[in-house]
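S.K.: Chains as they are written, first to last, in this note's numbering: chain F, 1 to 261; chain C, 1001 to 1222; chain D, 2001 to 2222. Every residue gets a Cβ at the ideal spot worked out from N, C-alpha and C, and that includes glycine. For reference, the structure I am asking about is given below.
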Amino acid sequence: MELAFEQNDQGPGRDEPEFCVDVDGFEGPLDLLLELARRQKVDLAKISVLALAEQYLAFIEEARNLRFEIAADYLVMAAWLAYLKSRLLLPQAQKDEEPLATDLAAALAFRLQRLEAIRAAAESLVNRPRLGRDLFQRGLPEPIEISKSSRWRASLHDLLSAYVRQRQKHAAARLRLKQRFAWSLTEAREALTKLAGLALDWTALDPYLLAYCNGREARRAVRASGLAATLEMVLQGSLSVRQERAFAPLWIKRRAAPAEA
Amino acid sequence: MAEVARLFPDTEETKERALFGEAMRIAEAMLFAASEPLEESEIARRMPDGISVGDVLARLKQDYSGRGVTLVRVGNKWLFRTAVDLGWLLSKNVVEPRKLSRAALETLAIVAYHQPVTRAEIEDIRGVALSKGTMDVLIETGWVRLRGRRRTPGRPLTYGTTEAFLMHFGLEAIADLPGLEELKGAGLFDGPVPQGFCVPQPRDDPALTEDEDPLDEEAPEI
Amino acid sequence: MAEVARLFPDTEETKERALFGEAMRIAEAMLFAASEPLEESEIARRMPDGISVGDVLARLKQDYSGRGVTLVRVGNKWLFRTAVDLGWLLSKNVVEPRKLSRAALETLAIVAYHQPVTRAEIEDIRGVALSKGTMDVLIETGWVRLRGRRRTPGRPLTYGTTEAFLMHFGLEAIADLPGLEELKGAGLFDGPVPQGFCVPQPRDDPALTEDEDPLDEEAPEI
């Protein structure tokens, strides 16, 4: 047998590398057959399928003798080729319902041809100029800038019902409910800004705040909002605040903005 | 060699022209594929012998002038860039329809009917504080504008509606906003009309009212 | 209008030429700026009235032929890319595309030439079972996609190639596959084996073939 397939791991005692059989090197039995067929050095269309079958069977036999494990695929192919071989050698029975042996052989030859053709196609495909290797796209694409703008939607009906809704609600609320006294932070800030405008020197906060108060509830609200607003303004640096001791009256003083100083 | 060139001037010239053409192709491809502007020296390194990179780039720049893409030099680097006048191709304006929040809609309605109106007055009518964002949104819609400042302590800003407002809501004039009777007629009240409910006569005259001052020169704090 | 044109033929012609030039600049700028191939229709949308995008692109392609950068068509899309013969110039700092295993490569070729094709058909051609990983790798490259299901018992999945496949291998259309004519001429697409498997011509038309069903809603088992 003149086939010589490389094997990665050659046994140390083996002196005949030509006979190293590596079934793993093949992409299945068809690939092995194709390799064997190529050895016939003839056009695949004119290949001797009988000779091919014999070579395949000899190859498998060799591998078995060398105690290689052979995948089931290869053995199935071997069995099929053994069958084909016997059919090719025996005269065709008259009322045989099985396909003609020559048809089977032709089908095999066709499959080998097709595999070879697709291999050649694959080869020429990967050897084409390829994007990113031989062909290059624009390296510095200029992105499309997407500017989003909003188109606001509202209908006149929406607008009018919103108006009526709140006016109605509010009017009703005025009639029925005694509103709880609230001094919003905004109001407190406004008042304190006015005060701070005057408070060039230390000014007691409480008397001022109490001007807003009539009743205990209001007093509490004013104190809370006032203090919160004061602290906010201190934080912003527009006001200084001073307290002698816990629960003592608060004194405030305007602080000039650094830019103005 | 020089003598030979003199003997066959055409051949030499043709050869040189071909070489120059090849150099231009090389520079063009390099500039096209580069992921950042290319140093002139970088391109020079790939030029065929005897070809000046400066000449090649100058010629390439000229070839591309007036085209959709132009070759520009930035310092010592070169790059292809979309022609300035075609910048519009690279921007896409996406218009997103958006709905006004309930607070914004209510505020807008108050501005429409009660203008010129201050933030404090709006808050008074709505009974809740107005978040900063609400007024910003309304100004962004282009339907509400700053008019001036109320001539009261604190000089609060006054708001009014714009012509765009009229246009959007299909009003010919602000006076076309329905009055109380019309609102009732439109079935917008659910239940009886509260006592003392009145609808002011809105006006969006650009002229300031008696108690309005013009906006300050400084940036207004909205 | 036609009469006026006859009276002032030069003016009309000049005007039209200017318009066509502007259209070319626009197409050029769009294609240069894009990072991905552009749909012809996308370019058409920006063309001046009365200018055929096909004419513009054909002319642009011609103008760029033989240059360092060329205009190519992939399916219905267009892109500029560097000339094939200048690859050596630019491949210095390029990441080598992932090398496909022999099995993957052959499978890719089979998908390309025989699409739409099922796993069983691929296995039949190669004469060996396809490992699950092989198909996964091909799908991951973006060159192979699931198309649908063959209308046969078991409803096997069908595979086909993508636009990215065409682009990567520099093909304008699937019919440009190398050696396709030879393969067809040798009758290798329609032999007796396997039964009922007859692909007259590879097609990557997104539309399903007669014997293909759409993919199920459920996650496909690849």
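Roughly how many angstroms lie between the CA atoms of GLY1050(C) and ASP2063(D), to the nearest whole one?
M.R.: If you number the second sequence from 1, residue 1050(C) lands on position 50. If you number the third sequence from 1, residue 2063(D) lands on position 63. Computed Cα separation, rounded: 27 Å.
S.K.: Under three-state DSSP, which class holds THR1212(C)?
M.R.: Residue 1212(C) sits at position 212 when you count from the first residue of the second sequence. Rather than Thr, the amino acid found at residue 1212(C) in this sequence is Glu. GLU1212(C) falls in the strand class under three-state DSSP.
S.K.: Check for me: the beta strand (DSSP E) holding ILE252(F) runs from which residue to which?
M.R.: As a first step, residue 252(F) is located in the first sequence; it is residue number 252 there, counting from the start. First-last of the beta strand (DSSP E) with ILE252(F): 250-254.
S.K.: Just mark PHE247(F) as buried or exposed, buried being the case when its beta carbon has 16 or more other beta carbons within 10 Å.
M.R.: Along the first sequence, read from residue 1 onward, the residue named residue 247(F) stands at position 247. Exposed, because fewer than 16 other Cβ atoms sit within 10 Å of the Cβ of PHE247(F).
S.K.: In chain F, which residues lie with their C-beta within 8 Å of the C-beta of GLU2106(D)?
M.R.: Within the third sequence, the letter at position 106 stands for residue 2106(D). The contacting residues are GLU27, ILE118, ARG119 and ALA122.
S.K.: Can you give me the C-alpha to C-alpha distance between GLY2075(D) and VAL2128(D), rounded to a whole angstrom?
M.R.: Numbered from its first residue, the third sequence carries residue 2075(D) at position 75. Numbered from its first residue, the third sequence carries residue 2128(D) at position 128. Going from the Cα of GLY2075(D) to the Cα of VAL2128(D) covers about 33 Å.
S.K.: ALA2044(D) touches chain C at which residues, Cβ-Cβ below 7 Å?
M.R.: Start at 1 with the first residue of the third sequence, and residue 2044(D) comes out as number 44. Those within 7 Å of ALA2044(D) in chain C number zero; the least Cβ separation is about 13 Å.
S.K.: Ends of the beta strand (DSSP E) at SER2041(D)?
M.R.: Translated into the one-based positions of the third sequence, residue 2041(D) becomes position 41. Careful: SER2041(D) lies outside any beta strand (DSSP E), inside the alpha helix (DSSP H) at 2040-2044.
S.K.: Does the beta carbon of THR1082(C) come closer than 8 Å to any beta carbon on chain F?
M.R.: As a first step, residue 1082(C) is located in the second sequence; it is residue number 82 there, counting from the start. Chain F, which has a Cβ nearer than 8 Å to the Cβ of THR1082(C), makes this yes.
S.K.: Go ahead and pull the three-state DSSP assignment for TRP2078(D).
M.R.: On the third sequence, residue 2078(D) is found 78 positions in, with the first residue counted as 1. The answer is strand: DSSP assigns TRP2078(D) an E or B state.
S.K.: Who are the neighbours of PHE1020(C) on chain F, taking C-beta pairs under 9 Å?
M.R.: Position 20 of the second sequence holds residue 1020(C). The premise fails here: PHE1020(C) is roughly 23 Å from chain F at the closest Cβ pair, so nothing lies under 9 Å.
S.K.: How would you list, in chain order, the residues of chain C whose beta-carbon sits under 8 Å from the beta-carbon of ARG2059(D)?
M.R.: On the third sequence, residue 2059(D) is found 59 positions in, with the first residue counted as 1. Within chain C, no residue comes near ARG2059(D); the closest Cβ sits about 13 Å away, beyond 8 Å.
S.K.: Measure the CB-CB distance between ALA221(F) and LEU185(F) and report whether it falls below 8 Å.
M.R.: Taking the first residue of the first sequence as 1, we reach residue 221(F) at position 221. Taking the first residue of the first sequence as 1, we reach residue 185(F) at position 185. No, Cβ-Cβ distance for ALA221(F) and LEU185(F) is not below 8 Å.
S.K.: Could you compute how far the alpha carbon of GLU27(F) sits from the alpha carbon of ALA63(F)?
M.R.: If you number the first sequence from 1, residue 27(F) lands on position 27. If you number the first sequence from 1, residue 63(F) lands on position 63. If I take the Cα positions, the gap works out to 16 Å.
S.K.: Output the distance between the C-alpha atoms of ASN127(F) and GLY1068(C), rounded to the nearest integer angstrom.
M.R.: Position 127 of the first sequence, counted from the first residue, corresponds to residue 127(F). Position 68 of the second sequence, counted from the first residue, corresponds to residue 1068(C). Each residue's Cα considered, the two are about 34 Å apart.
S.K.: In whole angstroms, what separates the C-alpha of PRO1206(C) from that of ARG2046(D)?
M.R.: In the second sequence, counting from the first residue as 1, residue 1206(C) sits at position 206. In the third sequence, counting from the first residue as 1, residue 2046(D) sits at position 46. Taking the straight line from one Cα to the other gives about 42 Å.
S.K.: If VAL2053(D) and MET2024(D) are in contact, beta carbons under 8 Å, what's the gap, nearest whole angstrom?
M.R.: In the third sequence, residue 2053(D) corresponds to position 53, counting from 1. In the third sequence, residue 2024(D) corresponds to position 24, counting from 1. No, VAL2053(D) and MET2024(D) are not in contact; Cβ-Cβ is about 11 Å, not under 8 Å.
S.K.: For LYS1099(C), does the three-state DSSP call read helix, strand or coil?
M.R.: On the second sequence, residue 1099(C) is found 99 positions in, with the first residue counted as 1. It is a strand residue.
S.K.: Are there three or more Cβ pairs, one per stretch, closer than 8 Å when the segment 105-113 of chain F is compared with the segment 2158-2170 of chain D?
M.R.: Counting Cβ pairs under 8 Å, fewer than three are found: no touch.
S.K.: Name the DSSP bridge partner or partners of TYR1159(C)?
M.R.: Residue numbering aside, residue 1159(C) sits at position 159 when the second sequence is read from its first letter. Answer is VAL1117(C) and LEU1146(C), bridged to TYR1159(C).
S.K.: Can the beta-carbon of ALA72(F) be found less than 8 Å from the beta-carbon of LEU88(F)?
M.R.: Within the first sequence, the letter at position 72 stands for residue 72(F). Within the first sequence, the letter at position 88 stands for residue 88(F). The answer is no: Cβ separation not under 8 Å.
S.K.: Measure the C-alpha to C-alpha separation of LYS2061(D) and GLU2040(D) and round it to an integer number of angstroms.
M.R.: Sequence index remark: in the third sequence, residue 2061(D) carries index 61 (1-based). Sequence index remark: in the third sequence, residue 2040(D) carries index 40 (1-based). Going from the Cα of LYS2061(D) to the Cα of GLU2040(D) covers about 13 Å.
S.K.: Scan the segment 213-246 of chain F for residues whose Cβ lies nearer than 8 Å to a Cβ of chain C and list them as they occur along the chain.
M.R.: Residues: none.
S.K.: Nearest-angstrom Cα distance between LYS1092(C) and ASP1211(C)?
M.R.: Position 92 of the second sequence holds residue 1092(C). Position 211 of the second sequence holds residue 1211(C). Spanning the two alpha carbons is a distance of roughly 45 Å.
S.K.: State yes or no: is the C-beta of GLU1143(C) within less than 8 Å of the C-beta of LEU1177(C)?
M.R.: Numbered from its first residue, the second sequence carries residue 1143(C) at position 143. Numbered from its first residue, the second sequence carries residue 1177(C) at position 177. In the sequence under discussion, the amino acid at residue 1143(C) is Trp, which differs from the Glu named in the question. Cβ atoms of TRP1143(C) and LEU1177(C): not closer than 8 Å.
S.K.: Comparing C-alpha positions only, which one of ARG1059(C), PRO1097(C), GLU1036(C) and ILE1026(C) sits nearest to ALA1044(C)?
M.R.: For the purposes of this step, residue 1044(C) is taken as the residue at position 44 of the second sequence. Checked all of ARG1059(C), PRO1097(C), GLU1036(C) and ILE1026(C); the closest Cα to ALA1044(C) is ILE1026(C).
S.K.: Please list the residues of the segment 1139-1173 of chain C that have a C-beta atom closer than 9 Å to any C-beta atom in chain D, keeping them in chain order.
M.R.: So the list is empty, because no residue satisfies the distance condition.
S.K.: Can you tell me where the beta strand (DSSP E) holding VAL241(F) begins and where it ends?
M.R.: As a working mapping, residue 241(F) is identified with position 241 in the first sequence. Element bounds for VAL241(F): 239-243.
S.K.: To the nearest angstrom, report how far apart PRO2153(D) and ARG2119(D) are at their CA atoms.
M.R.: As a first step, residue 2153(D) is located in the third sequence; it is residue number 153 there, counting from the start. As a first step, residue 2119(D) is located in the third sequence; it is residue number 119 there, counting from the start. Approximately 14 Å, taken between the alpha carbons.
S.K.: On the DSSP letters alone, give me the boundaries of the alpha helix (DSSP H) that GLY2054(D) sits inside.
M.R.: By one-based count along the third sequence, residue 2054(D) stands at place 54. Where GLY2054(D) is concerned, the enclosing alpha helix (DSSP H) stretches over 2053-2064.
S.K.: For my contact list, PRO2048(D) and GLU2022(D) are in at a C-beta cut-off of 8 Å; report their separation, rounded to the angstrom.
M.R.: Mapped onto the third sequence, residue 2048(D) falls at position 48. Mapped onto the third sequence, residue 2022(D) falls at position 22. Confirmed, Cβ separation roughly 6 Å.
S.K.: Pairs of beta-carbons, one from the segment 2129-2137 of chain D and one from the segment 131-146 of chain F, closer than 8 Å: are there three or more?
M.R.: No, the segment 2129-2137 of chain D does not touch the segment 131-146 of chain F.
S.K.: Would you tell me roughly how many angstroms separate the C-alpha atoms of LEU1183(C) and PRO2214(D), rounded to the nearest one?
M.R.: Numbered from its first residue, the second sequence carries residue 1183(C) at position 183. Numbered from its first residue, the third sequence carries residue 2214(D) at position 214. Approximately 57 Å, taken between the alpha carbons.
S.K.: Could you name the residues of the segment 2061-2076 of chain D whose beta carbon sits closer than 9 Å to any beta carbon of chain C, in the order they occur along the chain?
M.R.: For the segment 2061-2076 of chain D, which is checked against every Cβ of chain C, the residues closer than 9 Å are GLY2066, ARG2067, GLY2068 and VAL2069.
S.K.: If the cut is a Cβ gap below 8 Å, which residues of chain F does GLY2133(D) touch?
M.R.: Reading the third sequence from its first residue, position 133 is the one you call residue 2133(D). Result: empty, since nearest Cβ-Cβ is about 14 Å, beyond 8 Å.
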